[in-house]
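Worksheet: the structure to be examined is printed underneath.
Chains as they are written, first to last, in the working numbering: chain A, 1 to 189; chain B, 1001 to 1174.
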């Protein structure tokens, strides 16, 4: 524990960690990026568990490792506060609302209303909306990341390969990563 | 056996979702639709829509939903645990190697190549899922309108989803 990184007020109880991340899970809709301001408000401003700068450092770590952003952030903060058990409890806190709400929706709502005409109408509009969101996510990423010719060409080649052949996404990701190792060799420090 | 393959499929999804959000879509599609044939593309889109509209991380919501559809409450719990297992292992058990890995220049270059791959994968997923969703002129127009809207300004995905639902209610061929 480095004193300037965490704000050592008192030992935070596991129950408090659980409840704070339960709240984060319960009150953010729309996933990852919608949760970060909520986590920041709770952890930095309200409970003063972390300094702002440490919170941003944890964001950098979460962006370089796999898994849902909000979940990774919860684990890092929980671990800083109470070690291994703090990390587990924070993860359980952030997923519990999801599990409860989804189970309520699928076990009560879905079986009864799935064949209702209006529900079908809603999903008739939802499906193209989801495809639009996925497309927009890809295009926004592209706008942000393809600033170099090398990246743009790599994306285009992988897109063509992926559309032509049925290749598992993990293989495409590995090819991209290995290509990155070769292409970006020696460029910038 | 279904429970085990469910857990394993979601471990893979958790392990290879870089950058959060829609990065999980291509993997979920590959595992749920193409590999195991557990869901149709339309069902998958419905699940993503519900996952987007309910509180919590979208990947966790989708895991709970798909797990329940395939194997009831035990399935939902195992799928959800599967999606969070890689994060827990990496952060809690491999934490001391993590900073060295992140700061290593080789992993930085690896990630620089990974990002274009993610773009290619997400675009492909949009293309294949689009074939199940864009079934007539109306759905194509809903897609195009919402896509243009979300490219022009930063709109919360939740509002776009709600707008899609509303357009569906109005334009559905009753």
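Here a beta-carbon is modelled for each residue, glycine too, at the ideal position from N, C-alpha and C.
As the structure is a prediction and not an experimental result, all values here were calculated from the model.
Enclosing alpha helix (DSSP H) for residue i [first to last residue]
{"i": "residue 1052 of chain B", "result": "1041 to 1053"}
{"i": "residue 1073 of chain B", "result": "1058 to 1088"}
{"i": "residue 12 of chain A", "result": "Note, residue 12 of chain A: premise wrong, no alpha helix (DSSP H); not H, not E."}
{"i": "residue 144 of chain A", "result": "117 to 145"}
{"i": "residue 1008 of chain B", "result": "1002 to 1015"}
{"i": "residue 110 of chain A", "result": "110 to 113"}
{"i": "residue 1168 of chain B", "result": "1157 to 1171"}
{"i": "residue 1027 of chain B", "result": "1024 to 1028"}
Test item: CB-CB of residue i and residue j under 8 Å
{"i": "residue 181 of chain A", "j": "residue 1113 of chain B", "result": "yes"}
{"i": "residue 1082 of chain B", "j": "residue 1018 of chain B", "result": "no"}
{"i": "residue 82 of chain A", "j": "residue 12 of chain A", "result": "yes"}
{"i": "residue 91 of chain A", "j": "residue 74 of chain A", "result": "yes"}
{"i": "residue 102 of chain A", "j": "residue 1065 of chain B", "result": "yes"}
{"i": "residue 131 of chain A", "j": "residue 1134 of chain B", "result": "yes"}
{"i": "residue 1116 of chain B", "j": "residue 158 of chain A", "result": "yes"}
{"i": "residue 55 of chain A", "j": "residue 43 of chain A", "result": "yes"}
{"i": "residue 98 of chain A", "j": "residue 1057 of chain B", "result": "yes"}
{"i": "residue 1006 of chain B", "j": "residue 1079 of chain B", "result": "yes"}
{"i": "residue 1013 of chain B", "j": "residue 1001 of chain B", "result": "no"}
{"i": "residue 1091 of chain B", "j": "residue 72 of chain A", "result": "yes"}
{"i": "residue 1041 of chain B", "j": "residue 1128 of chain B", "result": "yes"}
{"i": "residue 1167 of chain B", "j": "residue 1142 of chain B", "result": "yes"}
{"i": "residue 1126 of chain B", "j": "residue 150 of chain A", "result": "no"}
{"i": "residue 175 of chain A", "j": "residue 1084 of chain B", "result": "no"}
{"i": "residue 169 of chain A", "j": "residue 1132 of chain B", "result": "no"}
{"i": "residue 1055 of chain B", "j": "residue 26 of chain A", "result": "yes"}
{"i": "residue 126 of chain A", "j": "residue 1049 of chain B", "result": "yes"}
{"i": "residue 1062 of chain B", "j": "residue 1071 of chain B", "result": "no"}
{"i": "residue 50 of chain A", "j": "residue 80 of chain A", "result": "yes"}
{"i": "residue 47 of chain A", "j": "residue 20 of chain A", "result": "yes"}
{"i": "residue 129 of chain A", "j": "residue 1171 of chain B", "result": "no"}
{"i": "residue 1015 of chain B", "j": "residue 66 of chain A", "result": "yes"}
{"i": "residue 1150 of chain B", "j": "residue 160 of chain A", "result": "no"}
Residue i, DSSP secondary structure in three states
{"i": "residue 1142 of chain B", "result": "helix"}
{"i": "residue 66 of chain A", "result": "strand"}
{"i": "residue 175 of chain A", "result": "helix"}
{"i": "residue 1110 of chain B", "result": "helix"}
{"i": "residue 167 of chain A", "result": "coil"}
{"i": "residue 27 of chain A", "result": "coil"}
{"i": "residue 1094 of chain B", "result": "coil"}
{"i": "residue 50 of chain A", "result": "strand"}
{"i": "residue 184 of chain A", "result": "coil"}
{"i": "residue 1 of chain A", "result": "In this predicted model, residue 1 of chain A has a pLDDT of only 44, less than 50, meaning its place in the structure is not dependable; the value taken from the coordinates is given anyway. DSSP places residue 1 of chain A in coil when its eight states are reduced to three."}
{"i": "residue 18 of chain A", "result": "helix"}
{"i": "residue 189 of chain A", "result": "Model confidence at residue 189 of chain A stands at a pLDDT of 43, short of 50, so the residue's coordinates are unreliable; what they give is reported in the following sentence. The answer is coil: DSSP assigns residue 189 of chain A none of H, G, I, E or B."}
message: Along the segment 125 to 152 of chain A, where does the CB come closer than 8 Å to a CB of chain B? Name the residues.
response: 125, 126, 127, 128, 129, 130, 131, 132, 133, 134, 135, 136, 137, 138, 139, 140, 141, 142, 145, 146, 151 and 152
query: Relative to chain B, which residues along the segment 51 to 76 of chain A have a C-beta separation below 7 Å, given in chain order?
result: 61, 63, 64, 65, 66, 67, 68, 69, 70, 71, 72, 75 and 76
task: Please list the residues of the segment 94 to 126 of chain A that have a C-beta atom closer than 8 Å to any C-beta atom in chain B, keeping them in chain order.
output: 94, 95, 97, 98, 99, 101, 102, 103, 105, 106, 107, 117, 118, 120, 121, 122, 123, 124, 125 and 126
- prompt: If contact means a Cβ-Cβ distance below 7 Å, which residues of the segment 1139 to 1160 of chain B contact chain A?
  reply: 1139, 1142, 1143, 1146, 1147, 1150, 1151, 1156, 1157, 1158 and 1160
message: Counting only Cβ-Cβ distances shorter than 8 Å, please list the residues of the segment 1045 to 1070 of chain B near chain A, keeping chain order.
response: 1045, 1046, 1048, 1049, 1050, 1051, 1052, 1053, 1054, 1055, 1056, 1057, 1058, 1059, 1060, 1061, 1064, 1065, 1068 and 1069
query: Which residues, in order along the segment 166 to 179 of chain A, keep a beta-carbon less than 8 Å from a beta-carbon of chain B?
result: 166, 168, 169, 170, 172, 173, 175, 176, 177, 178 and 179
- request: Closer than 9 Å, Cβ to Cβ, to anything on chain A: give me those residues from the segment 1102 to 1118 of chain B, in chain order.
  value: 1102, 1105, 1106, 1107, 1108, 1109, 1110, 1111, 1112, 1113, 1114, 1115, 1116, 1117 and 1118
message: For the segment 1002 to 1014 of chain B, list every residue whose C-beta sits within 8 Å of some C-beta in chain A, in sequence order.
response: 1012 and 1014
message: Using a Cβ-Cβ cutoff of 7 Å, what residues of the segment 1014 to 1032 of chain B are near chain A? List them in chain order.
response: 1014, 1015, 1016, 1017, 1018, 1019, 1020, 1021, 1022, 1025, 1026, 1027 and 1030
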